[in-house]
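**Student:** Numbering (our numbering), first residue to last: 219 to 513.
#1: Given a cut-off of 7 Å, decide if residue 382 and residue 374 are closer than it, judged by their beta-carbon atoms.
#2: I need the boundaries of the alpha helix (DSSP H) containing residue 417, first residue and last residue.
#3: Leaving aside the five residues before and after residue 272 along the sequence, list all residues of the same chain whose C-beta is less than 7 Å from its C-beta, in chain order.
#4: Grouping DSSP H, G and I as helix and E and B as strand, with all else coil, what is residue 270?
#5: Is residue 459 helix, strand or coil when you go by DSSP?
#6: Whose C-beta lies closer than 6 Å to the C-beta of residue 484 among residues of the same chain, with five residues either side of it excluded?
#7: With 16 as the cutoff for other CB atoms within 10 Å, does residue 384 come out buried or exposed?
#8: Can you grab the Cα-Cα spacing for the pair residue 386 / residue 372, in whole Å?
#9: Can you check DSSP and say which residues form a bridge with residue 467?
#10: Do you know how far the Cα of residue 466 is from the Cα of residue 499?
#11: Could you give the first and the last residue of the continuous alpha helix (DSSP H) run that contains residue 353?
#12: Could you check what DSSP says for residue 493 in three-state terms: helix, strand or coil?
#13: On a CA-only basis, which of 329, 323 and 260 is nearest residue 251? Give me that one, please.
#14: Compare the beta carbon distance of residue 364 and residue 474 with 7 Å and say whether it is the shorter of the two.
#15: By the DSSP assignment, the beta strand (DSSP E) with residue 505 in it spans what residues?
#16: Quick check on this structure: which residue in 455, 279, 278 and 301 has the alpha carbon closest to the alpha carbon of residue 288?
#17: State the DSSP-derived secondary structure class of residue 342, mapped to helix, strand or coil.
#18: CA-CA distance, residue 440 and residue 356?
#19: Classify residue 446 as helix, strand or coil using the three-state DSSP reduction.
#20: Measure the alpha-carbon distance for residue 509 versus residue 292 and round it to whole angstroms.
#21: In this structure, does DSSP put residue 427 in helix, strand or coil?
#22: Rounded to whole angstroms, how far is the Cβ of residue 456 from the Cβ of residue 344, which I believe are closer than 8 Å?
#23: Answer with buried or exposed for residue 397, where buried requires no fewer than 16 other C-beta atoms within 10 angstroms of its C-beta.
#24: I'd like to know whether the C-beta atoms of residue 279 and residue 307 end up nearer to each other than 7 Å.
#25: Less than 7 Å between the C-beta atoms of residue 410 and residue 471, yes or no?
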């Protein structure tokens with residue numbers, strides 16, 4: 219019995235010592251400080267009294283300032299980029315005079331932030347190369363399809379990458395889902411026809427948002443197979459933000475797999491009868507498609 223009492227007393231003392239030790243380990247976070255007086259200045263490259271919207275390059279340099287700030291985050295079309303010094307440049311690519319919206323968040327101690335938004339009206343002038351227009355339209359009209367027979371005709375990567383490191387489709391991997399029979403026709407007058415042949419394939423969130431066809435069965439990876447959609451017609455345009463040839467659609471146009479985004483596809487490579495396209499989708503990831511001319 220004495221041994222039991224001794225053992226109990228020893229355990230009690232050890233536990234009490236442990237608790238006392240824990241009580242001494244007190245950590246305190248610093249005060250959360252919210253940045254104030256957040257401002258963002260936009261310098262449109264080439265702007266002057268005669269050309270207030272810039273020199274046509276589409277480049278705008280932004281500078282953010284705030285009190286009690288640690289770092290800054292810029293947001294444009296859902297894409298977030300950190301800018302510790304508060305400076306960020308964008309090359310806007312829509313040909314003509316357009317208004318763009320950029321938000322900056324000033325981040326203070328503890329991660330708290332204050333934001334402000336600026337709108338800039340920017341002029342972009344661009345004359346696409348003759349060989350690009352010829353490739354795309356054949357000088358009049360030309361029809362394209364996904365190169366389903368080739369490895370890597372679809373792909374996926376993080377948004378800051380430029381090759382499909384996460385997924386590269388095997389030949390005919392998506393057969394029977396409503397994508398390989400789609401046809402895309404570019405007309406020299408800027409119109410674009412998308413022939414769905416009754417159904418399409420793509421990601422559910424942007425399809426729900428843009429088409430709103432009820433009663434569809436959700437498939438693995440948040441996709442819809444054989445999603446019913448009629449053919450449609452809209453317009454296309456070419457630009458070169460930052461020197462990258464870009465193919466943009468006015469509304470719903472896409473390259474075989476519907477993944478939303480801004481419907482502006484960077485032309486990564488092209489030849490006389492083939493092109494590889496890259497776009498930032500609804501999920502801020504980069505998606506890829508290879509198209510080949512039908513005729």
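Yeah, the Cβ is synthetic: ideal placement off N, Cα and C, and Gly gets one too.
All values reported here derive from a predicted model rather than from experimental measurement.
**Tutor:** Reading off the structure:
#1: In contact: residue 374 and residue 382 (Cβ atoms closer than 7 Å).
#2: Premise fails: residue 417 lies in the beta strand (DSSP E), 417 to 421, not in any alpha helix (DSSP H).
#3: Spatial neighbours of residue 272 in its own chain (CB-CB distance under 7 Å, excluding positions within 5 residues in sequence) are listed in chain order as 262, 263, 264, 265, 340 and 341.
#4: Residue 270 falls in the coil class under three-state DSSP.
#5: In the structure shown, residue 459 sits in a helix (DSSP, three-state: H, G or I).
#6: Cβ within range, chain order: 462, 464 and 496.
#7: Residue 384 should be labelled exposed.
#8: The alpha-carbon atoms of residue 386 and residue 372 are separated by roughly 6 Å.
#9: Assignment of beta-bridge partners to residue 467 by DSSP yields 454.
#10: So the alpha carbons of these two residues sit roughly 13 Å apart.
#11: Element bounds for residue 353: 348 to 355.
#12: Judged by DSSP in its simplified three-state form, residue 493 adopts strand.
#13: Looking at the Cα atoms, 329 is the closest of the given residues.
#14: A contact, by the Cβ cut-off of 7 Å.
#15: Unbroken beta strand (DSSP E) run through residue 505: 504 to 511.
#16: Comparing Cα positions, the closest option is 301.
#17: The three-state secondary structure of residue 342, taken from DSSP, is strand.
#18: Taking the straight line from one Cα to the other gives about 37 Å.
#19: Strand at residue 446.
#20: So the two alpha carbons sit approximately 33 Å from each other.
#21: Helix at residue 427.
#22: Indeed, because the Cβ distance is near 7 Å, the residues count as touching under 8 Å.
#23: Under this definition residue 397 is a buried residue.
#24: Yes, Cβ-Cβ distance for residue 279 and residue 307 is below 7 Å.
#25: For the 7 Å CB-CB criterion, residue 410 and residue 471 form a contact.
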